[in-house]
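**Student:** Following this message is one structure expressed as structure tokens.
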């Protein structure tokens, strides 16, 4: 027989409650509050967007670490005076750091919590969860990190007695149903041997069982075996693909190998890429199709290609503006005459020439002429403010300016070539191609882009990049018969893209008038001129109709392309491309042919003679699927910035061929990677490689914001908003005052929506922290001159001028708003904000009702929050109740209308074992809007009335309440857990009364327990075990059931009675007996 145990589980529960109070409790609480203050959220890159609430769907993959590696890890731990678990934890946190770029890493870990000898052999669930937070600031070596981890881990062990659910209650983190509270990943090492089970005459074999669920993003379990460390990683299948997790495990194993070889290397230098992935990222995917050297030698500059076209098809139309048409021969002759004129003025290689012209054929002739003369042009937009133009003139030190008679630019001290005034003299010059011209490595143009200092910066682009741009446009397969739109202002490099597109195909370039660049006017221009190819920002594409039959090639550029654009414009005889590239890399660097609708269209792959690297903050290549900053190499990379050597050195990185990544060192059996071009441009754009080698653009690094500890991608919210049928355009900005997100939307014609509806739509798609606090409806989004959304102008809008946000006014509303901000951990609330939509849950509802009782001396049932979920409704109810000195007791009803409106038959659901109806809230919201939904709560839940003690009596009472809403059947009934038993009894009674029941939904309900009831001790052990082990909200709401102080017990008594009713405790259990135990 087994030896008697010295104590029982209930003894431990009683001891823990008595011991963990007073000074001991406050010491532990103080430690954890300090340790977990301002806790960050781990922003682990995922394959799928995080859903608004966890589904707990999971899967498992295995990992095996060899015996030599395991032995080496154990040796390292012994040398450093740490445990093997600490080595594995430090490695795990290092990998998370390399995946996220975050230096404040929080990981959960279970602990046995049997820290007293009497507990060692006791049967029961003692495990507690520890939160291990490590600071990786300063890019320490792994050896240094190990000692940081040791300190954190030992301190956590010393304060392990505070139950995790109490810790969550104390810290009260931001409510987020999409994540586990406090930590999203966990690691555990089972370092006790797993002994083989032997039974006579039986052969037993151990199988790994996949349970298919997980509460976290990742759960990493490792254990020791005779052949080395073995493990499993359980992951959320809502977030990750199996291939992603396989790569993660490969990175972990590669990292461990690197740690053993290089423990004194900084964390950023430790290898994580596996050999096949390294080959893909740095070699295979960085060898795009190359434009032939012969072709670039033949046409080293774009104007050489133009001259070739003029020779091949002299009578083909080259340029159309309003009623003016020029053939290739005519345009070539005009540009040659101007080039000869400019050369006589001293224009030659590296000489800058200003071009300040309104849209006209003269613009294209002037650009070609400057190139043919050997110079580089500087576009000066006549619409720019005089102050900006003056700065550009001074910065470039121009001596020659091509302009027109009515130009507004100040020309003092400049040699001015006025085309309309001086053309008679210019026309006297030779129309033949100049013999002296620019070479591939000469400057082609200087275009100014916005600068963070408030002053624009001039980008220096050479001819070689421009020639490569044009020849890479073969991908569009344009023909001489095509008609290319010239949309962009001369001051933006997209204009070069459009000009080159026409030249390389020998097609016609159609210049749009200034008043035909948006909406209906542009739409008419495209249709009337039968334009076949356009390059436009998504914002402009959204303003057009699809009724453009001639249009067969669309290039979306300048902004992030959405799936809505692709879905709208794809057609059988039309191709849609997504082009990406900064000005500093000669307009474009990657291209994607979008053939199917994608949640987030990619920017494709690099164009010829261009190389793309996605690097982390330490300029190390990141794995597939992991975001990093996009760097560009190749012949299209600019020289730098004019007169800005400091900024040039910062953004144009000179890289040694062997220093890009310490992983690629022959000494470590890693192939050395030779960078094709030693100068890389640091774009400031975030991107990641997809498994197929295409690149996903993730926005600007400065568009990624932090809000309440969360990393927020504004583009993700915008993409979700434009999927709403009523929304044509959307932009999100962060309001600096009381930081919160504001959405600006433009509706389709004849469509509209409300703020509440749009926020509800987003809540079904995005986590709570991504939901904008305000929605502003605009007639159109403000645009910058090049057609991009002007976010600076949006921030000047008053976000509350067109929204439904209303500030608290009355004393009651203000007091309630203060309670809400404290409990919900939000900065401010309006009187129309919904308690549950702001993150309220069952636990917070109970706490709010308790606070209301203290503040207003009014006792309300928790179900009040379903009837009055806004501050305005709740304040009205409180004021009305206060006006009545003796409210009627008969006003109480078991019915809680979670959704009272609807034309269909109501659905009635009965409370589970603990009496509240909160679990049905989400279900009610997910059903159709036309489906009424009522929950039933038990009498006596608030301990003010005597609860019913028989299921039959409950069923009878609930039937009476149901029939006040629906007098006759057929009825729709349901119940979760214990509620299923009551619903079953209700169905029987209704049928006995001659009524029909159309639906009886019994959810996770146990069969009735036989007459041999368990003992009180066994029942209490069951309850305690359930409270500790359950992963349902029951854990957080009721896990401290038996530890509640006596003064706060009335409501807990009722819940214990429901347990007795469900036969979880003996029928003869009395509150006096429970009082003795609790």
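Residue numbers (the working numbering): 11 to 1088. Beta carbons are placed, not taken as given, at the ideal position from N, Cα and C, and that holds for glycine.
Along the chain, where does the beta strand (DSSP E) that runs through residue 1137 open and close?
**Tutor:** Given that the chain is displayed from residue 11 to residue 1088, the structure contains no residue 1137 and the question cannot be resolved.
**Student:** Comparing C-alpha positions only, which one of 913, 892, 889 and 841 sits nearest to residue 879?
**Tutor:** When only C-alpha atoms are compared, the closest one is 841.
**Student:** What are the start and end residues of the alpha helix (DSSP H) that includes residue 309?
**Tutor:** Note, residue 309: premise wrong, no alpha helix (DSSP H); not H, not E.
**Student:** Skipping 5 residues on each side, what residues in its chain have a beta carbon closer than 8 Å to that of residue 337?
**Tutor:** Result list for residue 337: 324, 325, 326, 327 and 328, in chain order.
**Student:** Rounded to the nearest angstrom, what separates residue 443 and residue 342 at their Cα positions?
**Tutor:** The alpha-carbon atoms of residue 443 and residue 342 are separated by roughly 8 Å.
**Student:** Which value, in whole angstroms, describes the spacing of the CA atoms of residue 450 and residue 253?
**Tutor:** Their Cα atoms are separated by approximately 45 Å.
**Student:** Only counting the same chain, and skipping five residues up and downstream in sequence, which positions put a Cβ closer than 6 Å to that of residue 29?
**Tutor:** Counting only Cβ-Cβ distances below 6 Å, and skipping sequence neighbours, we find nothing.
**Student:** Which value, in whole angstroms, describes the spacing of the CA atoms of residue 761 and residue 531?
**Tutor:** Distance between the alpha carbons of residue 761 and residue 531: 22 Å.
**Student:** When DSSP labels each residue in this structure, what does residue 1149 get in the three-state scheme?
**Tutor:** Since the displayed the chain opens at 11 and closes at 1088, residue 1149 lies outside it and no answer follows.
**Student:** Report the option in 605, 614, 606 and 585 whose CA atom is closest to the CA atom of residue 599.
**Tutor:** Answer by Cα proximity: 614.
**Student:** When the Cα atoms are used, what is the spatial distance from residue 595 to residue 466?
**Tutor:** Near 17 Å, if we compare the C-alpha coordinates of residue 466 and residue 595.
**Student:** Within the continuous beta strand (DSSP E) that includes residue 105, where are the two ends?
**Tutor:** Looking at the DSSP string, residue 105 is not in any beta strand (DSSP E); the run it does join, the alpha helix (DSSP H), is 94-110.
**Student:** From what residue to what residue does the beta strand (DSSP E) around residue 585 run?
**Tutor:** Note, residue 585: beta strand (DSSP E), 585-590.
**Student:** For residue 1056, does the count of other Cβ atoms within 10 angstroms reach 16, so buried, or fall short, so exposed?
**Tutor:** A caution first: residue 1056 carries a pLDDT of 35, below 50, which makes its placement in the model unreliable, though a value can still be read off. Under this definition residue 1056 is an exposed residue.
**Student:** Consult DSSP for residue 855 and reduce its assignment to one of helix, strand or coil.
**Tutor:** Residue 855 falls in the helix class under three-state DSSP.
**Student:** Please list the segments of the beta strand (DSSP E) lying wholly inside the stretch 557-634, counting only runs of 3 or more residues, in order along the chain.
**Tutor:** As far as the stretch 557-634 is concerned, its whole beta strand (DSSP E) runs of at least 3 residues are 563-566, 585-590, 600-604 and 620-625.
**Student:** Is the number of C-beta pairs between the stretch 353-373 and the stretch 408-424 that are closer than 8 Å three or more?
**Tutor:** In short, these stretches touch, since the Cβ pair count reaches three.
**Student:** When burial is assigned at 16 or more other CB atoms within 10 Å of the CB, is residue 438 buried or exposed?
**Tutor:** Residue 438 comes out exposed.
**Student:** Tell me whether residue 907 sits in a helix, a strand or coil according to DSSP, three-state version.
**Tutor:** Strand at residue 907.
**Student:** Between which two residues does the alpha helix (DSSP H) harbouring residue 34 extend?
**Tutor:** It spans 32-45 - the alpha helix (DSSP H) in which residue 34 sits, taken as one unbroken run.
**Student:** Do residue 242 and residue 117 have their C-beta atoms within less than 8 Å of each other?
**Tutor:** Taking 8 Å as the Cβ cut-off, residue 242 and residue 117 do not qualify as a contacting pair.
**Student:** Taking the alpha-carbon positions, what's the residue 776 to residue 708 distance?
**Tutor:** If you take the alpha carbons of residue 776 and residue 708, they lie about 17 Å apart.
**Student:** Buried or exposed: which applies to residue 949, given that a residue is buried once 16 or more other Cβ atoms fall within 10 Å of its Cβ?
**Tutor:** Per the 10 Å Cβ criterion, buried.
**Student:** Just list the residues that DSSP pairs residue 691 with in beta bridges.
**Tutor:** In DSSP, residue 691 forms a bridge with 642 and 662.
**Student:** Thinking C-alpha only, which one of 695, 496, 907 and 550 is nearest residue 876?
**Tutor:** The candidate whose alpha carbon is nearest that of residue 876 is 907.
**Student:** Within a Cβ cutoff of 6 Å, which residues of the same chain sit near residue 25, ignoring the five residues on either side of it in sequence?
**Tutor:** There are no such residues.
**Student:** Could you check the C-alpha separation between residue 976 and residue 914 for me, to the nearest Å?
**Tutor:** The straight-line gap from Cα to Cα measures roughly 11 Å.
**Student:** Quick one: Cα of residue 264 to Cα of residue 144, how far?
**Tutor:** Taking the straight line joining both Cα atoms gives about 22 Å.
**Student:** In this structure, does DSSP put residue 546 in helix, strand or coil?
**Tutor:** Here residue 546 sits in strand by DSSP.
**Student:** Quick one: what's got a C-beta closer than 7 Å to residue 965's C-beta in the same chain, skipping five residues either side?
**Tutor:** So the list reads 992, 995, 996 and 999, once near-sequence residues are dropped.
**Student:** Where does residue 965 sit, in a helix, a strand or coil, going by DSSP?
**Tutor:** Helix at residue 965.
**Student:** Please identify the residue among 653, 644 and 652 whose C-alpha is closest to the C-alpha of residue 664.
**Tutor:** The shortest Cα separation from residue 664 among 653, 644 and 652 belongs to 644.
**Student:** Within the same chain, show all residues whose beta-carbon is closer than 7 Å to that of residue 872, passing over the 5 residues directly before and after it, in chain order.
**Tutor:** For residue 872, where only same-chain residues beyond five positions count, the Cβ hits under 7 Å are 855, 856, 859 and 926.
**Student:** Identify the residues that DSSP records as bridge partners of residue 276: which are they?
**Tutor:** 151.
**Student:** Between which residues of its own chain and residue 162 is the CB-CB distance below 7 Å, once the five residues before and five after are set aside?
**Tutor:** These residues qualify, in order along the chain: 142, 143 and 144.
**Student:** If residue 105 sits next to residue 261, beta carbons under 8 Å apart, how far is it from one beta carbon to the other, in whole angstroms?
**Tutor:** So it is a contact: roughly 6 Å between Cβ atoms.
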